[in-house]
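First to last, the protein sequences are chains A and L. Just so you know, this note's numbering puts the end of the first sequence at 154, numbered straight through with nothing missing. Just so you know, this note's numbering puts the end of the second sequence at 154, numbered straight through with nothing missing. Working notes for the structure below.
Number of protein chains: 2
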Amino acid sequence: MNYEKYSIGQLAKKTACKVETVHYYEKVGLMPEPPRTEGGHRIYSLPHVKRLNFIRRSRDLGFRIEQVKELLKFIDEPNHYCGEVKEMAMQQARVVQEKIDDLQRLKSALNEMVTHCTAGDKPVDDCPIVDALYTENSTNKAT
Amino acid sequence: MNYEKYSIGQLAKKTACKVETVHYYEKVGLMPEPPRTEGGHRIYSLPHVKRLNFIRRSRDLGFRIEQVKELLKFIDEPNHYCGEVKEMAMQQARVVQEKIDDLQRLKSALNEMVTHCTAGDKPVDDCPIVDALYTENSTNKAT
DNA sequence: ATAGAACCTATAGTTACTATAGGTTCAAGG
DNA sequence: CCTTGAACCTATAGTAACTATAGGTTCTAT
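Below you can see the structure in the form of structure tokens.
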């Protein structure tokens, strides 16, 4: 397979990622050390593009670097024990579901505020969003 | 108005916030420099509790420190309008919805993988997780 | 051949805290 | 009144996950 070759700058452009971030991902072990030119410049190809895309998207979804490493194991070790792969995928799916639930609650809270705040031209004194965030929550009576 | 007085520890407890975090909020200008005792200990009262509550809740909703400062300006300076607050909340809700959508896609991919694994000894080369995250946002085919 | 864009490494800065060190003050018990 | 120890004080360092800078080298196109 003679893939098209990319410089780190081209890779970065293709993945909407900064060059420094690619360096960083290499340093922390998310990206492999690629081949180099005579002069020491990194040479990338399509699999690197895909991998970096995967990393970026996973990060955007709120996965931590260490979690992304876990996810990448699915790719790096395709001959994994089937049961093990299944277990990891299921565990990850549970984590994802929890995140979805959290965000859903958050969105509801925001939306509720917005719908209560009907008028745009009221002074903030009357703004229910401000009120909602400002009011002391009832569970902190204890000394 | 002789409000009840609180030490920083009591304030922290009331707002489920750490003492160090209160220090930090003071340093970055979210919390005001409160009056002190002879010996230099900070003295807080109810308005501080409310303000810190507002800050914590806003942070939990995903607003950044700078955004919280914006929101607090609405409170500190009365010449603002409800519409400005509403707009920020709506923007935040849109961001959250995008995250939810992304996570939903990832969860589907993970679940799909789990069912693949259930089938038995299928290789994971054709990984649905990679596909899910390597979406067709790749408008970057051309150089 | 040479200009300058892009690359290299290493280090420091960013955000939003959290933890630590080393010292001072406060409140309670003797 | 004096002591003890919890809680407070300031200042600094550490964390995650980048991002930016400095100072130097290589690649590429004229």
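Cβ coordinates follow ideal geometry from the N, Cα and C atoms, glycine included.
Counting the other Cβ atoms within 10 Å of the Cβ of D113 of chain L gives 16 or more, which makes it buried. In this structure, T26 of chain A lies near N64 of chain A, with their beta-carbon atoms less than 9 Å apart. Comparing alpha-carbon positions, the option among L:V79, L:H52, L:Q115, L:P43 lying closest to Q21 of chain L turns out to be L:H52. For R53 of chain A, the three-state secondary structure derived from DSSP is strand.
With respect to chain L, the C-beta atom of M42 of chain A has no partner C-beta closer than 9 Å.
Chain-order list of chain A residues neighbouring V107 of chain L: L114, Q115, L117, K118, L121, by C-beta distance under 9 Å. Only residues of its own chain outside the window of five on either side were considered, and among them T26, A27, C28 have a CB closer than 8 Å to the CB of R67 of chain A, listed in chain order. Within 10 angstroms of the beta-carbon of Q103 of chain A lie 16 or more other beta-carbons, which makes it buried.
Annotation for K29 of chain A: no alpha helix (DSSP H) segment contains it, and DSSP assigns it neither H nor E. The region 69 to 82 of chain A makes contact with the region 36 to 52 of chain A; the number of CB pairs closer than 8 Å reaches 3 or more. Residue state for R47 of chain L is assigned as strand, using DSSP reduced to three classes. With respect to chain L, the C-beta atom of G73 of chain A has a partner C-beta closer than 9 Å. Between the alpha carbons of V107 of chain A and E98 of chain A lies a gap of roughly 14 Å. Put simply, the CB of I111 of chain A is near chain L, with a gap under 9 Å to one of its CB atoms.
A distance below 8 Å between beta-carbons, with the five flanking residues on each side excluded, links K16 of chain L to the following residues of its chain, in chain order: I54, Y55, S56.
Taking G73 of chain L as the centre and dropping the five residues before and after it, the same chain places the C-beta of Q103, V106, V107 closer than 8 Å to its C-beta, in chain order. Counting every other CB atom within 10 Å of its CB across the protein chains shown gives S69 of chain A a total of 16 or more, marking it as buried. At a cut-off of 9 Å between beta carbons, Q78 of chain L makes no contact with chain A. Taking C-beta atoms as the reference points, I111 of chain L and I86 of chain A fail to come closer than 9 Å.
Residues of chain A with a Cβ closer than 7 Å to the Cβ of A100 of chain L are, in chain order, L121, M124, V125, I140. The alpha-carbon of K61 of chain A is positioned some 29 Å away from that of Q115 of chain A. By the 16-neighbour rule on beta-carbons within 10 angstroms, H127 of chain A is exposed.
Shown here for E37 of chain A: same chain residues with a beta carbon closer than 7 Å to its own, the five before and five after excluded, namely E44 in chain order.
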